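Structure first, commentary second.
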Amino acid sequence: MTSPLVITGAGPAGLAAALTVANAGGCPVVYERQRDVGGRFHGDFQGIENWTTRQDALEELTALGIEPTFETTPFREATFYDPAGREHHYRSSHPLFYLVRRGPESGTLDWGLKQQARARGVEIRFKQSRNRLPEGGIVAQGPRGADAIAVGYVFETDMADGAFAAFSDRLAPKGYA
C-alpha cells in the first residue's frame, strides 16, 4: 500500500499537485483549513495568463492531466493605459488570458479542481490543517492574512465584455488597476 503524500492547501496549487500525484499512482491527502475550496473568494474574477509561452495554458493543464472543467472566457484583446494615460490596444489570434471565477460555487476554478480531485480518489480533509509535514509533503496553502489591498466589483452592464488595465503609481502605487 502506498503511503499518503500530505498536501496542505486545497487551492489551485494544492489541488493541481494532488491531481498530479494521483495521476502518477500516488495517494495524496489534502488538508484545507477552510470548510470548502475557494473560501476567501466569492465569484471573483481572475485570469489564467496565456501570453508568455507558446503552448496554450489550457492545453498545458490538459497535458498535466488537469481538465478545464471550470468555466473560462478567452480574451483575445485588451486595452492598457500607461502612467501618462496613453491607451495601448493589444489584439491576438490566440487568447491573451482566460477569465475564470474563483470560489466554492459550481463553475469556478476551485470547484472544478475539487470535483476532479474527488473523482480521482483524492482525500480532502476540510477544516483541518497540518503544522508539520512528513518528509516529501507539499505546502500549497494561501495567505493567512492580507498581503495586499484589493477590491473587485462585479456588475451588470450593456457594454460588450472588455479587459482594461491602468499601470500608474498615481492610481495604483506599485501595482495596477
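Under this note's numbering, the first residue of the sequence shown is numbered -12, with each subsequent residue one higher. Using N, Cα and C, we set each Cβ at its ideal position, and we do this for glycine too. Model, not experiment: these values are computed from the prediction.
According to DSSP, is residue i helix, strand or coil?
| i | result |
| --- | --- |
| Gln33 | strand |
| Thr7 | helix |
| Glu47 | helix |
| Leu158 | coil |
| Ala147 | coil |
| Ala0 | helix |
How far does the beta strand (DSSP E) with residue i in it reach, from first residue to last?
| i | result |
| --- | --- |
| Arg112 | Glu110 to Phe113 |
| Arg88 | Phe84 to Arg88 |
| Arg131 | Where Arg131 is concerned, there is no enclosing beta strand (DSSP E), given that its DSSP letter is neither H nor E. |
| Ala152 | Phe151 to Ala153 |
| Arg167 | There is simply no residue 167 to check, as the chain begins at -12 and stops at 164 in what is shown. |
| Val(-7) | Leu(-8) to Thr(-5) |
| Glu74 | Glu74 to Arg78 |
With distance defined between alpha-carbon atoms, name the residue in the options nearest to residue i.
| i | options | result |
| --- | --- | --- |
| Tyr140 | Ala4, Thr(-11) and Phe32 | Phe32 |
| Ile72 | Phe154, Lys161 and Ser80 | Inspection of the sequence shows that residue 72 is occupied by Gly rather than by Ile. Of the candidates Phe154, Lys161 and Ser80, the one whose C-alpha sits nearest the C-alpha of Gly72 is Phe154. |
| Pro61 | Ala5, Gln103, Leu51 and Phe84 | Phe84 |
| Ala5 | Val109, Leu51, Gln128 and Pro130 | Val109 |
| Lys161 | Thr144, Gln42, Pro(-9) and Pro70 | Pro70 |
Which residues share a DSSP beta bridge with residue i?
| i | result |
| --- | --- |
| Glu19 | Phe113 |
| Thr60 | Leu86 |
| Ile125 | Ile(-6) |
| Tyr68 | Glu74 and Ala153 |
Drop a sphere of 10 angstroms on the beta-carbon of residue i, count the other beta-carbons inside from all chains shown, and report buried for 16 or more, exposed for fewer.
| i | result |
| --- | --- |
| Gly25 | buried |
| Gly1 | buried |
| Gln115 | exposed |
| Val17 | buried |
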